[in-house]
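Mapping of the sequence shown onto this note's numbering: position 153 corresponds to residue 156, and the numbering continues sequentially without gaps. Shown next, in structure tokens, is the structure this report addresses.
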Amino acid sequence: MGYAEVSVNSPVAQRRTFSYAIPPDLSIDVGQAVWAPFGEKLLQGIVLELSPYPAVEETREIAGIIDPQPLLSPARVSLAHWISQHYLSPLFDAVALMLPPGFERRVVTFISPTADEPDMSPLTPKQRHAWELVQRQGRVSLKYMQKTLGKKSAQTLVSQLVRRGLVTRSYELESVKAKPKVELYLSLIANADETQQEAARLREKGANKQAALLTFLSQQSKPVPLTEARQRVNCDKAVADALANKGLVAIQHVEVRRDPLAYQSITPSQPLRLTAAQESAFKSIQSSLLAAVEQHISPPVFLLHGVTGSGKTEIYLQALAEAVRLGKRGIVLVPEIALAPQTIERFASRFPNKVAVLHSKLSLGEQFDEWQRIRNGESDVVIGPRSAVFAPQPDLGLIVIDEEHEWTYKQHDRSPHYHARDVALKLAELTGAVVILGSATPDVETFYHAQRGDYRLLQLPERVVPREHSPLPQIKVVDLRDELKAGNRSLFSRSLSQAIDKVMTNGQQAILFLNRRGAATSIQCRNCGFVLSCKRCEVPLTYHLAEDIVVCHQCNYRMPVPQVCPQCLSRRIKYLGVGTQKLEQETSYAFPQARLLRWDSDATRRKHSHQEILNKFRAHGADILIGTQMVAKGLDLPQVTLVGVVSADTGLNLPDFRAGERTFQLLSQVAGRAGRGSSGGEAIIQTYSPEHYAIQTAAKHDYALFYDKEIAYRRQLHNPPFSRLASLTYTHTNDTLCQREAERMKRRLLEERDAEGITDLNLIGPAPAFIHRLRGRFRWQLILRGSELSAFLAQIPIPQGWAVDIDPVGL
Ligand code: ADP
Ligand code: ZN
Ligand code: ZN
4 MGYAEVSVNS
14 PVAQRRTFSY
24 AIPPDLSIDV
34 GQAVWAPFGE
44 KLLQGIVLEL
54 SPYPAVEETR
64 EIAGIIDPQP
74 LLSPARVSLA
84 HWISQHYLSP
94 LFDAVALMLP
104 PGFERRVVTF
114 ISPTADEPDM
124 SPLTPKQRHA
134 WELVQRQGRV
144 SLKYMQKTLG
154 KKSAQTLVSQ
164 LVRRGLVTRS
174 YELESVKAKP
184 KVELYLSLIA
194 NADETQQEAA
204 RLREKGANKQ
214 AALLTFLSQQ
224 SKPVPLTEAR
234 QRVNCDKAVA
244 DALANKGLVA
254 IQHVEVRRDP
264 LAYQSITPSQ
274 PLRLTAAQES
284 AFKSIQSSLL
294 AAVEQHISPP
304 VFLLHGVTGS
314 GKTEIYLQAL
324 AEAVRLGKRG
334 IVLVPEIALA
344 PQTIERFASR
354 FPNKVAVLHS
364 KLSLGEQFDE
374 WQRIRNGESD
384 VVIGPRSAVF
394 APQPDLGLIV
404 IDEEHEWTYK
414 QHDRSPHYHA
424 RDVALKLAEL
434 TGAVVILGSA
444 TPDVETFYHA
454 QRGDYRLLQL
464 PERVVPREHS
474 PLPQIKVVDL
484 RDELKAGNRS
494 LFSRSLSQAI
504 DKVMTNGQQA
514 ILFLNRRGAA
524 TSIQCRNCGF
534 VLSCKRCEVP
544 LTYHLAEDIV
554 VCHQCNYRMP
564 VPQVCPQCLS
574 RRIKYLGVGT
584 QKLEQETSYA
594 FPQARLLRWD
604 SDATRRKHSH
614 QEILNKFRAH
624 GADILIGTQM
634 VAKGLDLPQV
644 TLVGVVSADT
654 GLNLPDFRAG
664 ERTFQLLSQV
674 AGRAGRGSSG
684 GEAIIQTYSP
694 EHYAIQTAAK
704 HDYALFYDKE
714 IAYRRQLHNP
724 PFSRLASLTY
734 THTNDTLCQR
744 EAERMKRRLL
754 EERDAEGITD
764 LNLIGPAPAF
774 IHRLRGRFRW
784 QLILRGSELS
794 AFLAQIPIPQ
804 GWAVDIDPVG
814 L
């Protein structure tokens, strides 16, 4: 008899598996979904390991198989273990990332009577009433009994009746949320002569609809979908059923695929002839692919560093084609699929009918179909946002992560708090796949690895210029303090106003960009640019409107807002921040002739509206596009000759050691939107901190210089990549209790650290989280900085209410 280690879908299972005996009549594989009895319940489970011996003395038997095909490959089973250990998440949560959409279902409990007329005399009136309820229906769901008798008392009464042997419990799963889409097809069984006779007979009997349907079907050369027949003959399904019952017509159930790409008409495209720089980058990737496939040499990770428009995507396409030629397949991750329909189109046109798309805006049915199709090996390329790294793509040979520095690759809002890039690197290690990380502004940590030789650096220093010369846009930095001195209090500096006027005169287009991350939270002097920050932590203090104070979100230092600027004694010290709606209003006053289009999360709640806004702007349905982060992402808008960054500072003043990096990335990306066409372009950055290195280096398009400054700060302050971080956030409705628990946890962690003699671990905080109050609950945070954080935290009991985030992307 064999045994299986099963990850079960129960919150109490946490990071462990459970041992089950495999009944002799079941054949079970690693990765298979099974029914596992657990306490009184029957749970879904995934087999992660087989063994000849059980891990515990007493085991129960696996109750059955859910899906005959394994759902996880052995590599993905290892990946699930890694995610659970590294991110300290429940094992089943990690496994669930890789299951087909709609897999997780609740178990429904049913109660049935054991005998028709048992001895009722020992029963209380309540028990008798409950029994009669079951008896009357024959079999009822526990939920129904709870509705009738009250939740608690139903449960108690059922247990009492079970103990007396009067009723039994049984379990079923709630019905499947996503099933393959089935369409019904009709075809004739009888031959032509019989059909005609039958039709005539039916007409005589007055069954005109049946006769019409029969005649219609006799005119078709192949089976007809019921939906089509219903339209053509104007009949309902009952008519088809009647003919089927007479043995004249067959009704077939045919699985059809819901295709998320069907709405696009795609013309196939051919590979482009690579430029010299592209060619040399491609050659490196090609030879690693070949060595990996043919000699099983574990391939390197490539960092493809190239400005926007330098031809990175063309390299991805050709590398994927190469992988396919070698009998492999690929996964391509992009930051947010809804924002990149152009990208999908490029992939779909190079690999016609061989591209699968996975993302959360598809209906569950569409996701389910894509998942099945991928698992069956029907797609050469899977494209999607971070979760697509878990696609069941067989024969994985290449993983591409475009814009690898994007923080949306981190799942920060729920467990597991995984980073898709780190998961991809692990998956590649397990499967021998090549990884290409692509970016114009690589994550400082990624670039550090490339510099050290952990990754192989490939560079594309210039834009591909098909015809005319289109260099990177000129970037001008405007000091807003000078504007104020000159008496200009509007949102537009004189330079930006003039530039917008020029765009309007020339009939071109402009983008106005607003950096809204953490807007209006720091206090900055409008006269000298001074930002209030914590003397101990050197991070900007955050303004709290309700109490009219500023708070340090690292050490909890608090003070009232000063009346005058500590540096220049000006009274113009006030918090910053303007929203997109306000900007739109101001723009319409300042440039009444301009047609405006606003693009932010309010404007894009619907499924295709990103695309609609983009299409409208590209068709020159507006002159100025006003937007937040979204406008920064890889859009190719040739008529845009001006990008104005209304304020570069809000992002800079966040209490986060990555603030400089984020600002550099955003400014570089936004500026890259200008001058994609032949008329060139410029970008104007408005700021109170023109001397800040992130702004200076972004204005010069100088990643290398930015990197040197940034990595020096990181080294000095011992921040990643020179350490690792973890954040522990405690949430409670009572602020004082919340703070107290955070302090207790800090003491516990310090004790453990000292007991183990770990020297490189510090604790920062506790302090209120940046968003201190969320949906009526308070949040306090501890930050750990050290090296082996997952292993350290794994042995400490973490009570309910705590959320642990390993390698958090925002503090
Ligand atoms: P990136 O991904 O780095 O932003 P793309 O691959 O999108 O760059 O290339 C930018 C533009 O240049 C696209 O319009 C693309 O079709 C074109 N392009 C890329 N490589 C070549 C090439 N070798 N020859 C001609 N045009 C190219
Ligand atoms: Zn000042
Ligand atoms: Zn502080």
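Quick reminder that beta carbons are idealized off the backbone N, C-alpha and C, glycines included. Note that the coordinates shown come from a computational prediction; the quantities given were computed from them, not determined experimentally.
Annotation note: the segment 176 to 235 contains the following uninterrupted beta strand (DSSP E) runs of length 3 or greater, listed N- to C-terminal: 184 to 191.
Of the residues Ser162, Asp96, Asp239 and Phe113, the one whose Cα lies closest to the Cα of Leu189 is Asp239. Inclusion of Ile65 and Ala39 in the CB contact set at 8 Å is warranted, their separation being smaller than that value.
Closest by C-alpha distance to Phe660, out of Ser573, His556, Met562 and Gly684, is His556. Glu409 sits away from Thr449, with the two beta carbons spaced by 8 Å or more. In the assembly as shown, Tyr691 is a buried residue. Its beta-carbon has 16 or more other beta-carbons within 10 Å. Boundaries of the alpha helix (DSSP H) around Phe795: Leu792 to Ala797. Excluding sequence positions up to five before and after Ala697, its CB lies within less than 6 Å of the CB of Gly663, Thr666 and Phe667, all in the same chain and listed in chain order. When DSSP assignments are scanned along the segment 314 to 368, the uninterrupted stretches of beta strand (DSSP E) that are 3 or more residues long and fall wholly within it turn out to be 332 to 336 and 358 to 360. Distance from the Cα of Ala324 is smallest, within the candidate group Ile49, Gly141, Leu401 and Ser287, for Leu401. Between Leu599 and Glu615, the C-beta spacing is not below 8 Å. In terms of side-chain proximity, the C-beta atom of Asn491 is found no nearer than 7 Å to any non-hydrogen atom of ligand 2. Judged by the Cβ position, Thr278 qualifies as a neighbour of ligand 1 at the 7 Å threshold, a heavy atom of the ligand being closer than this.
Following the DSSP letters along the chain, one finds Lys479 inside the beta strand (DSSP E) bounded by residues Gln477 to Asp482. DSSP, reduced to helix, strand and coil, places Asn765 within a strand of the structure shown. Of the residues assessed, His256 falls on the exposed side of the cut-off, its CB having fewer than 16 other CB atoms within 10 angstroms. Residues of the same chain with a CB within less than 6 Å of the CB of Glu186, apart from the 5 flanking positions on each side, are Pro228, Val257 and Val259 in chain order. Under the DSSP assignment, Ile526 falls in the beta strand (DSSP E) whose first and last residues are Ile526 to Cys528. Here Leu91 is near Ser793, since their CB atoms are less than 8 Å apart. Leu361 and Glu373 do touch by the CB rule: their CB atoms are close to 6 Å apart, below 8 Å.
In this model, Arg332 and Leu461 are separated by some 22 Å (Cα to Cα).
Note that the C-beta distance between Val33 and Leu46 is not below 8 Å. Rounded to the nearest angstrom, the gap between the Cα atoms of Val252 and Ala36 is 38 Å.
Within its own chain, the residues whose Cβ lies closer than 6 Å to the Cβ of Gln742, once the five positions on either side in sequence are excluded, are Trp783, listed in chain order. Within the segment 385 to 425, complete alpha helix (DSSP H) segments of at least 4 residues are not found at all.
Within the DSSP bridge table, the entry for Gly789 names Arg727 as partners. Arg459 and Phe305 do touch by the CB rule: their CB atoms are close to 5 Å apart, below 8 Å. Relative to ligand 1, the beta carbon of Lys315 is positioned inside 7 Å of a heavy atom.
In this structure, DSSP gives Tyr691 a state outside helix and strand, which the three-state scheme calls coil.
In the three-state reduction of the DSSP assignment, Asp808 falls in the strand class.
Of the candidates Gln570, Tyr6, Gly105 and Lys619, Tyr6 places its Cα closest to the Cα of Pro57. Contact between Val358 and Phe350 is confirmed by a C-beta separation of about 5 Å, below the 8 Å threshold. Arg131 sits in a helix when the DSSP states are folded into three classes. Lys249 and Val296 have their C-alpha atoms roughly 58 Å apart.
Secondary structure of Val50 (DSSP, three-state): strand. With three or more CB-CB distances shorter than 8 Å, the segment 157 to 172 counts as touching the segment 127 to 134.
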